[in-house]
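Protein chains: 2
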Amino acid sequence: MYFENLEKEMENEENEKELQESHYLESNFLPHIALDCVVFGFDSEQLQLKVLMLKMKHREDWGLPGGFVGKRENLEDAAIRVLKERTGAKDIYLKQFKTFGKANRTDEIIEGNTNVLWLKRRFITVGFYALVDYKQVKPNKDKLSSDCGWKDIKDLPAIMLDHQTIFEEGLESLRRSLMLRPVGYGLLPEKFTLSELQNLYEIILDRKLNRGNFYRKVMKYQILEKLNEIRNIGAHKAPFLYRFNKERYDDAVTNGLKDIW
Amino acid sequence: MYFENLEKEMENEENEKELQESHYLESNFLPHIALDCVVFGFDSEQLQLKVLMLKMKHREDWGLPGGFVGKRENLEDAAIRVLKERTGAKDIYLKQFKTFGKANRTDEIIEGNTNVLWLKRRFITVGFYALVDYKQVKPNKDKLSSDCGWKDIKDLPAIMLDHQTIFEEGLESLRRSLMLRPVGYGLLPEKFTLSELQNLYEIILDRKLNRGNFYRKVMKYQILEKLNEIRNIGAHKAPFLYRFNKERYDDAVTNGLKDIW
DNA sequence: TCAAAAGTGTTAGATTTACACCCATGC
DNA sequence: GCATGGGTGTAAATCTAACACTTTTGA
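So the sequences go chain by chain: A and B. Following UniProt numbering, the numbering of the first sequence begins with 1 at its first residue and continues without gaps. Following UniProt numbering, the numbering of the second sequence begins with 1 at its first residue and continues without gaps.
Here is the structure:
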């Protein structure tokens, strides 16, 4: 009997919290509009491209970090805010890639048992992908989730709603843009070795690249600066460190480099 | 005095209409969400790429054809519906290219003098571009506009809101996609000559292409079917007619052809 | 001495670009 | 005959892909 009451009390408390959350959302954000981010991080030790995911409360499956657009907030700023809250990282490369607007895409939630009533309506979501420095990120769960962490893109858990599709289209979009322009700023730490860069490209494109040719190509576009530093790793020659020449890099990103890789 | 009353009456009538329109929108469409279409048509006589524009009531500038998303309507379906209403054309190629979400992008309207109150809120808009057969289209104005017609992309009138930006990004997106895959289905009539196709490509890409090389390239991808028909034009050899082989064309559109042109 | 890093050489083959030449045909 | 269309030839320049050789250097 006692336990039953305790449980009920806790349930009520949880209810109360969710109702408050619902009011907060109601008064601060645009209804029907969400955004979701496919946040990529490159684990250069395990040589894995990872994506940030959240485990939602009341659910067994995972979702992409997302959020809503403040009533007077620019769409892009909303995405930046969400990314900062979730990752703590600054220097985030963000790109909008597609808006998802199937009429029934959030029916699962509308019919589900959340008490955040504000969520119980149809949502259209704007998809962004983001490139962040894996090592700088401290995954941070939000109010609606119970866990937050990196998942290897080749080994994803069960995924809610249409977030699997959003992820796949985000990855495809990243691949395509790598064909047209350099990627890396954001995904790598400020200083990195050439083989880290090559590994990153191989993982994004999902194929091996020839080292010599890669070296010449990357040098030709002069987007890198060689530093007078070296990283000590193993029982062999220490690799040089490089960083992006921001000016040339931005130029290349803006104007594209035709299909390079 | 009499005229004054007449004017006032007409104003009242107009007011009444707009309020009704506002209620209609309120009960049928999602608030805050719009879509705008950059509709391209190829005028093969004047050799101009044209874009469909509307002149809004109460305004001197022009805008892109747009609309809203029905409460239970898929986003893409809404775009298709708007396009059909505005152009009468079937067989429309539609592609979403970007969502525009600056907080102040519709302030002009919020502060303007429309009585369609539903419009007096912030809107985020999803941009689509569409390719239609210029000759099949009968431009059709909507309730909120006073005129509708084709404009040469090299000679546009004054444009409202951020529709200039939306147009430019739509055109850029069309150009890019032409680099990766064939375009033309939709923009050309069912039957067309090779030089019409080449003209189209030259106008979209804004540069001359070598005829011989163009011929070989287009043939290599086998997306065309030569017909046993000829078009009689002038005092010279009549050109053959071609049409797209829909299967191969769709295949190429889906899988891309790397950078071709 | 080994293993990885850094840089360069080389070559076969494909692709691109630019011209140019041929024939056909409607008027 | 002439202007346009349709089709092919070709050579130079450039780019790609694959491989291999050299030197450096930390443990």
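Using N, Cα and C, we set each Cβ at its ideal position, and we do this for glycine too. As the structure is a prediction and not an experimental result, all values here were calculated from the model.
Bridge-paired residues (DSSP) for S145/B: Translated into the one-based positions of the second sequence, residue 145/B becomes position 145. Paired residues: M56/B.
Chain-ordered chain B contacts of A103/A [CB-CB under 9 angstroms]: Along the first sequence, read from residue 1 onward, the residue named residue 103/A stands at position 103. For A103/A, the chain B residues whose C-beta falls within less than 9 angstroms of its own C-beta are V69, G70, K71, R72, E73, N74, L75 and D77, listed in chain order.
Segment limits, beta strand (DSSP E) that includes F244/A: Position 244 of the first sequence holds residue 244/A. Taken as a continuous stretch (DSSP letters only), the beta strand (DSSP E) holding F244/A covers F240 to F244.
Delimiting residues of the alpha helix (DSSP H) encompassing L83/A: Walking along the first sequence from the start, residue 83/A turns up at place 83. For L83/A, the enclosing alpha helix (DSSP H) starts and ends at L75 to T87.
Backbone CA spacing between residue 276/B and K98/A [nearest angstrom]: Residue 276/B lies beyond the residue range present for chain B, which begins at 1 and ends at 261; the question has no answer from this structure.
Contacts around L35/B, its chain only, beta-carbon distance under 8 angstroms, and the 5 residues preceding and following it disregarded: Start at 1 with the first residue of the second sequence, and residue 35/B comes out as number 35. Shown here for L35/B: same chain residues with a beta carbon closer than 8 angstroms to its own, the five before and five after excluded, namely G66, G67, F68, V69, L75, A78, A79, V82, T125, V126, G127 and F128 in chain order.
Interface residues of chain A facing V126/B [CB-CB closer than 9 angstroms]: Here residue 126/B refers to the residue found at position 126 when the second sequence is read from its first residue. The contacting residues are T99, G101, I124 and V126.
Min CB distance D107/A to chain B below 7 angstroms: If you number the first sequence from 1, residue 107/A lands on position 107. Chain B contact via Cβ: absent.
Test: A130/B CB closer than 7 angstroms to a CB of chain A: The sequence position of residue 130/B within the second sequence is 130, counting from 1. Not an interface residue.
Given 8 angstroms, three or more beta-carbon pairs between the segment 26-46 of chain A and the segment 161-172 of chain A: Counting Cβ pairs under 8 angstroms, three or more are found: they touch.
Exposure of N213/A, with buried meaning 16 or more beta-carbon neighbours within 10 Å: Within the first sequence, the letter at position 213 stands for residue 213/A. It counts as exposed.
Paired residues, beta bridge with Q48/A - DSSP: Taking the first sequence and counting its residues from 1, the one referred to as residue 48/A is at position 48. Q48/A is bridged to D43/A.
Proximity below 7 angstroms, CB of D61/A to CB of K50/A: Counting from 1 along the first sequence, the entry for residue 61/A is found at position 61. Counting from 1 along the first sequence, the entry for residue 50/A is found at position 50. Their beta carbons are not under 7 angstroms apart, which means D61/A does not touch K50/A by this criterion.
Own chain residues within Cβ distance below 8 angstroms of A89/A, not counting five before or after: By one-based count along the first sequence, residue 89/A stands at place 89. Counting only Cβ-Cβ distances below 8 angstroms, and skipping sequence neighbours, we find L83, V132, D133, Q136 and V137.
Assigned exposure category for W261/A - 16 Cβ within 10 Å defines buried: Translated into positions along the first sequence, residue 261/A becomes position 261. At W261/A the pLDDT is 41, less than 50, meaning the model places this residue with poor confidence; the figure from the coordinates comes in the next sentence. It counts as buried.
Those residues which DSSP pairs with D152/B across a bridge: Within the second sequence, numbered from 1, the residue matching residue 152/B stands at position 152. For D152/B, which the question treats as bridged, DSSP gives the partners K50/B.
Within chain B, partners of F32/A - CB distance below 8 angstroms: Here residue 32/A refers to the residue found at position 32 of the first sequence. According to the sequence provided, residue 32/A is His. The question's Phe does not apply to it. Result: L30, P31, H32 and I33.
Chain-order list of residues whose beta-carbon lies under 6 angstroms from that of K120/B (same chain, five-residue window excluded): Translated into positions along the second sequence, residue 120/B becomes position 120. Cβ neighbours of K120/B beyond the five flanking positions: I110.
Short Cβ contact (7 angstroms threshold) for S145/B with K55/B: The residue given as residue 145/B occupies position 145 in the second sequence. The residue given as residue 55/B occupies position 55 in the second sequence. In contact: S145/B and K55/B (Cβ atoms closer than 7 angstroms).
Cutoff 7 angstroms: V253/B Cβ touching any chain A Cβ: Here residue 253/B refers to the residue found at position 253 when the second sequence is read from its first residue. Not flagged as an interface residue toward chain A: V253/B, since no C-beta distance is shorter than 7 angstroms.
Inter-stretch contact at 8 angstroms, needing at least 3 Cβ pairs: the segment 147-155 of chain B / the segment 222-237 of chain B: At 8 angstroms Cβ cutoff, the stretches do not touch.
Check whether N245/B and A238/B have beta carbons under 7 angstroms apart: Locating residue 245/B in the second sequence gives position 245, where the first residue counts as 1. Locating residue 238/B in the second sequence gives position 238, where the first residue counts as 1. At least 7 angstroms separates the beta-carbon of N245/B from that of A238/B.
Y201/A, DSSP secondary structure in three states: By one-based count along the first sequence, residue 201/A stands at place 201. If DSSP states are grouped into helix, strand and coil, Y201/A belongs with the helices.
Cβ-Cβ separation, E85/B to N140/B (assumed contact under 8 angstroms), whole Å: The residue given as residue 140/B occupies position 140 in the second sequence. The residue given as residue 85/B occupies position 85 in the second sequence. Indeed, because the Cβ distance is near 6 angstroms, the residues count as touching under 8 angstroms.
Contact list for Q96/A against chain B, beta-carbon separation under 8 angstroms: In the first sequence, counting from the first residue as 1, residue 96/A sits at position 96. Here the neighbours are K98 and T99.
Beta-carbon proximity of L117/A to H32/B, cut-off 7 angstroms: Residue mapping note: residue 117/A aligns to position 117 of the first sequence, counting from 1. Residue mapping note: residue 32/B aligns to position 32 of the second sequence, counting from 1. No, the pair does not count as a contact, with Cβ atoms beyond the cut-off.
Pair within 7 angstroms by beta-carbon distance, Y93/A and G186/A: For this step, residue 93/A is matched to residue 93 along the first sequence. For this step, residue 186/A is matched to residue 186 along the first sequence. Yes, Cβ-Cβ distance for Y93/A and G186/A is below 7 angstroms.
Span separating the alpha-carbon of K217/A from that of C148/B: Residue 217/A sits at position 217 when you count from the first residue of the first sequence. Residue 148/B sits at position 148 when you count from the first residue of the second sequence. When only Cα atoms are considered, K217/A and C148/B end up about 50 angstroms apart.
Selection from Y215/B, T114/B and Q48/B that minimises the alpha carbon distance to E21/B: On the second sequence, residue 21/B is found 21 positions in, with the first residue counted as 1. Put simply, of Y215/B, T114/B and Q48/B the residue whose alpha carbon is nearest the alpha carbon of E21/B is T114/B.
Beta-ladder partner(s) of Q96/A, from DSSP: As a first step, residue 96/A is located in the first sequence; it is residue number 96 there, counting from the start. Partner(s): F128/A.
Helix, strand or coil at A103/B [DSSP, three-state]: As a first step, residue 103/B is located in the second sequence; it is residue number 103 there, counting from the start. If DSSP states are grouped into helix, strand and coil, A103/B belongs with coil.
Buried/exposed call for G162/B, threshold 16 Cβ in 10 Å: By 1-based counting over the second sequence, the position of residue 162/B is 162. The identity of residue 162/B in the sequence shown is Asp, whereas the question assumes Gly. Buried, by the Cβ-count rule.
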